[in-house]
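A.B. asks: Chains A and B, in that order, give the protein sequences. Position 3 (the first sequence) corresponds to 3 in this note's numbering; numbering is contiguous. Here this note's numbering runs 1000 ahead of the position in the second sequence, where the first position is 1. Note that beta-carbon positions come from the ideal geometry of N, C-alpha and C, so glycine has one too.
Protein chains: 2
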Amino acid sequence: MQHWKSEKTPSLSIFYQKANGNARRVVCVTSGGTTAPLEQRCVRYVDNFSSGHRGATSTEYFLKAGYAVIFLYRRGSFQPFCRSLPEHPLLECFESTNESTIQVRKAYSEAVKGAIIDHHAAVADGLLLKLPYSTIFEYLQMLQMVAISVRCLGPRAMFYLAAAVSDYYVPWKDMVEHKIQSGSLLLDVKLIQVPKMLSVVRNEWAPSAFCISFKLETDSNILLNKADKALENYKMHAVVANELSTRKEEVVVVTRADKTTVRRNKSQSGDDVENPLIRLLSERHSTYIEDFSR
Amino acid sequence: MQHWKSEKTPSLSIFYQKANGNARRVVCVTSGGTTAPLEQRCVRYVDNFSSGHRGATSTEYFLKAGYAVIFLYRRGSFQPFCRSLPEHPLLECFESTNESTIQVRKAYSEAVKGAIIDHHAAVADGLLLKLPYSTIFEYLQMLQMVAISVRCLGPRAMFYLAAAVSDYYVPWKDMVEHKIQSGSLLLDVKLIQVPKMLSVVRNEWAPSAFCISFKLETDSNILLNKADKALENYKMHAVVANELSTRKEEVVVVTRADKTTVRRNKSQSGDDVENPLIRLLSERHSTYIEDFSR
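1) Looking only at DSSP bridge pairs, what is residue 1164 (chain B) linked to?
2) Considering only their Cβ atoms, is the gap separating residue 1155 (chain B) from residue 1292 (chain B) smaller than 7 Å?
3) Please report the straight-line C-alpha distance between residue 1143 (chain B) and residue 1026 (chain B), rounded to a whole angstrom.
4) List the residues of chain A whose Cβ lies closer than 9 Å to the Cβ of residue 1190 (chain B), in chain order.
5) Let me make sure I understand the geometry here. Which of A:285, A:16 and A:290 has the alpha-carbon closest to that of residue 149 (chain A)?
6) When Cβ atoms are compared, which residues of the stretch 92-104 of chain A fall closer than 9 Å to chain B?
7) Applying a beta-carbon distance threshold of less than 7 Å, which residues of chain A neighbour residue 1233 (chain B)?
8) Mark residue 47 (chain A) as exposed unless 16 or more other C-beta atoms lie within 10 angstroms of its C-beta, in which case mark it buried.
9) Out of curiosity, what's the CA-to-CA distance linking residue 1194 (chain B) and residue 66 (chain A)?
10) Answer yes or no: does any C-beta atom of chain B fall closer than 7 Å to that of residue 48 (chain A)?
11) For residue 1027 (chain B), would you say it is in contact with chain A, using Cβ-to-Cβ distances shorter than 7 Å as the test?
12) For residue 1229 (chain B) and residue 147 (chain A), what's the separation of their Cα atoms in angstroms?
13) Does the separation of the CB atoms of residue 1283 (chain B) and residue 1263 (chain B) fall below 7 Å?
14) Pairing CB atoms from the stretch 109-126 of chain A with CB atoms from the stretch 1111-1120 of chain B, are three or more of them under 8 Å?
15) Counting beta carbon pairs with one atom in the stretch 49-59 of chain A and one in the stretch 25-39 of chain A, are three or more of them shorter than 8 Å?
16) Could you check which residue in B:1090, B:1161, B:1085 and B:1086 has the C-alpha nearest to that of residue 1198 (chain B)?
17) If you draw a straight line from the C-alpha of residue 1159 (chain B) to the C-alpha of residue 57 (chain A), how long is it?
18) Determine the DSSP secondary structure at residue 82 (chain A), reduced to helix, strand or coil.
19) CB-CB under 7 Å to residue 223 (chain A), same chain, minus the five flanking residues each way: which ones, in chain order?
20) Do residue 239 (chain A) and residue 257 (chain A) have their C-beta atoms closer together than 7 Å?
21) Give the residues of chain B in contact with residue 115 (chain A), contact being defined as C-beta atoms less than 8 Å apart.
22) Residues in the same chain with beta-carbon distance under 6 Å from residue 295 (chain A), minus the five sequence neighbours each way, listed in chain order, please.
23) Tell me, please, whether the CB atom of residue 285 (chain A) is closer than 7 Å to any CB atom in chain B?
24) If we define contact as Cβ-Cβ less than 7 Å, is residue 1193 (chain B) a contact residue for chain A?
25) How far does the beta strand (DSSP E) with residue 338 (chain A) in it reach, from first residue to last?
26) Using a Cβ-Cβ cut-off of 7 Å, state whether residue 118 (chain A) counts as contacting chain B.
27) Which runs of the alpha helix (DSSP H) at least 4 residues long sit entirely within the stretch 1014-1069 of chain B? Give them in chain order.
28) Any idea what DSSP makes of residue 279 (chain A), helix, strand or coil?
29) Under the rule that 16 or more other beta-carbon atoms within 10 Å means buried, what is residue 1126 (chain B), buried or exposed?
30) Smallest Cα separation from residue 165 (chain A): which of A:294, A:151, A:64 and A:137?
31) Skipping 5 residues on each side, what residues in its chain have a beta carbon closer than 7 Å to that of residue 45 (chain A)?
32) Please state the DSSP three-state secondary structure of residue 249 (chain A).
33) Using a Cβ-Cβ distance cut-off of 7 Å, determine whether residue 182 (chain A) contacts chain B.
34) Who are the Cβ neighbours of residue 1139 (chain B) in its own chain at under 6 Å, not counting the five residues just before and after it?
35) What's the C-alpha gap between residue 1168 (chain B) and residue 1096 (chain B)?
36) Answer yes or no: does any C-beta atom of chain A fall closer than 7 Å to that of residue 1291 (chain B)?
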């Protein structure tokens, strides 16, 4: 089985056909930060911290829940099925037994096998389509392409917008061409607000899709208030509120009707907060689909 | 052979002892960009583009030339012996043969074996010590630690400063604690010049070491002029001048005595510009060591 082949020829329409044929729900998971270049021939950029752990983990649970997943991810960020592996899996998980053969180190045997087999199976079965981006420009372009193309699925499409998208950028036309010189003592970078695309996704690009956005803050005092505002301003169906320091333990799912705190099951070793989170969102999505067709 | 073990217990003094015992030359190769955080609990940062390809490739050629290498690298950047591999080697170079076994895909067989065996051998033999960093603060701290500790080797130490270090940063004490709020239409980021540490390396931390720095520009018209200035200002022994678009084909080695253009041998498939570059620098380093002891 050459699972990798389907990875080399991603095609949204084939992906939808398959999902549609099986009456699957499709979720577009965005994951990782976006860069805002400061120069057209880019050397410097403003970046957002995001490992992509949330998006990669959620993708695994969406697949488990029966979704087909479009994984729109920042180059270099975490990949589904690979999060328990060390940073350089090839160098750290393998050893040379003699001058010409290699083998997986025993401690990593299950993790390595699982990663390769589960990942390839999802891609080969047409359940996982991976699309990489780096800059805010690439991200927005690809999000638009996915959003418009996913219309054919109506309410069965979900957007799970976990990417840490830049709030500020320098529009392309305002950017200097060459590297900013480093002669002066001070560098004054003026960035403007990135157009809020959440409203556009909801209202124009994919008006029937079920839309989830994220709010991350380091200050818990302002978090829920900001989540409420995002819900209101962008007409999201739910906002997942998370605080930087506790984001792997608990999140709050904020909807117009209620606020539900979702926690990782600590008594179960290896459980993730994404497990109950995706279960809850999948249920809400089912209700949404039912209500939609009434 | 469990080569990986030595990777888990890096120790500069043991590294030097081994190198000293074998009368080896030691080079500290810095590689990749540095980040300048904008918040103390960092979500946003200014980053420099650098894949770390130059540093990783040069490390291979320094090892070939008989050097022991301290590889001070940006987390996530290119690793020595791995540059011919795809972005996610584990996912792209392996395939599942059935439900429970995996194997290397034929096309990647040599590259994967070579990467693991050569990398582990260099680490196990005490010839490659890898130290990761992310922020400009970590980078400077580790560079200082290496520079001061390498004094014991006198002129046999080399610094090959290929990292794309931030020119501007926000000093820690001036940084806001929490994530900058995204309410306003404009974000005005004021950064100040990073203290020029090249002079400090040369004059204070490691005054006997042979020091090479890099100058990268996108505008070839100002490149050599800027390289000359760097040579003069920081008393480097050589500055490697490279232009962004042609940097994998040719570079110019600028010293007080001469300017030498070094080109990749195009007639030899797979040759790198780092091959003649490291050969030249190794020769110059030999001359430097001889002159030093006179």
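C.D. replies: By the coordinates alone:
1) For residue 1164 (chain B), which the question treats as bridged, DSSP gives the partners B:1033.
2) With contacts defined as CB atoms closer than 7 Å, residue 1292 (chain B) and residue 1155 (chain B) qualify as a contacting pair.
3) The alpha-carbon atoms of residue 1143 (chain B) and residue 1026 (chain B) are separated by roughly 14 Å.
4) Contacts between residue 1190 (chain B) and chain A, judged by CB atoms closer than 9 Å, involve 186, 187, 188 and 189 in chain order.
5) The residue from A:285, A:16 and A:290 with its alpha-carbon nearest to that of residue 149 (chain A) is A:16.
6) If the cut-off is 9 Å between Cβ atoms, the stretch 92-104 of chain A has 92, 93, 94, 95, 96, 97, 98, 99, 100, 101, 102 and 104 near chain B.
7) Taking a Cβ-Cβ cut-off of 7 Å, residue 1233 (chain B) has no neighbours in chain A, whose nearest Cβ is about 12 Å from it.
8) In this structure residue 47 (chain A) is buried. Its beta-carbon is surrounded by 16 or more other beta-carbon atoms within 10 angstroms.
9) Approximately 51 Å between the Cα atoms of the pair.
10) Against chain B, the CB of residue 48 (chain A) has a partner CB under 7 Å away; the residue lies at that interface.
11) Residue contact with chain A for residue 1027 (chain B): absent (no Cβ-Cβ distance below 7 Å to any residue of chain A).
12) Distance between the alpha carbons of residue 1229 (chain B) and residue 147 (chain A): 51 Å.
13) No. Outside cutoff.
14) No, because fewer than three Cβ pairs between the stretch 109-126 of chain A and the stretch 1111-1120 of chain B fall closer than 8 Å, the two stretches do not touch.
15) Touching, per the Cβ criterion.
16) Ranking B:1090, B:1161, B:1085 and B:1086 by CA distance to the CA of residue 1198 (chain B) puts B:1161 first.
17) C-alpha separation (whole angstroms): 41 Å.
18) Judged by DSSP in its simplified three-state form, residue 82 (chain A) adopts coil rather than helix or strand.
19) Counting only residues of its own chain and dropping the five nearest sequence neighbours on each side, residue 223 (chain A) has a CB closer than 7 Å to the CB of 215, 217, 241 and 243.
20) No, the pair does not count as a contact, with Cβ atoms beyond the cut-off.
21) The answer, in chain order, is 1090 and 1091.
22) Because chain A in this structure spans residues 1 to 294, residue 295 (chain A) falls outside the shown range and cannot be described.
23) By this cut-off, residue 285 (chain A) is not an interface position.
24) It does; some Cβ of chain A falls within 7 Å.
25) Only positions 1 to 294 of chain A appear in this structure, which leaves residue 338 (chain A) out of reach.
26) So, not an interface residue.
27) Counting only runs of 4 or more, we get 1053-1064.
28) Reduced to three states, the DSSP call for residue 279 (chain A) is helix.
29) If you draw a 10 Å sphere on the C-beta of residue 1126 (chain B), you find 16 or more other C-beta atoms in it, and that means buried.
30) Comparing alpha carbon positions, the residue from A:294, A:151, A:64 and A:137 closest to residue 165 (chain A) is A:137.
31) Within the same chain, and ignoring the five residues on either side of residue 45 (chain A) in sequence, the residues whose Cβ sits closer than 7 Å to its Cβ are 35, 36, 37 and 38.
32) In the three-state reduction of the DSSP assignment, residue 249 (chain A) falls in the coil class.
33) Yes, because at least one Cβ of chain B sits closer than 7 Å to the Cβ of residue 182 (chain A).
34) Around residue 1139 (chain B): 1034 and 1133.
35) Rounded to the nearest angstrom, the two C-alpha atoms are 47 Å apart.
36) No, because no Cβ of chain A sits closer than 7 Å to the Cβ of residue 1291 (chain B).
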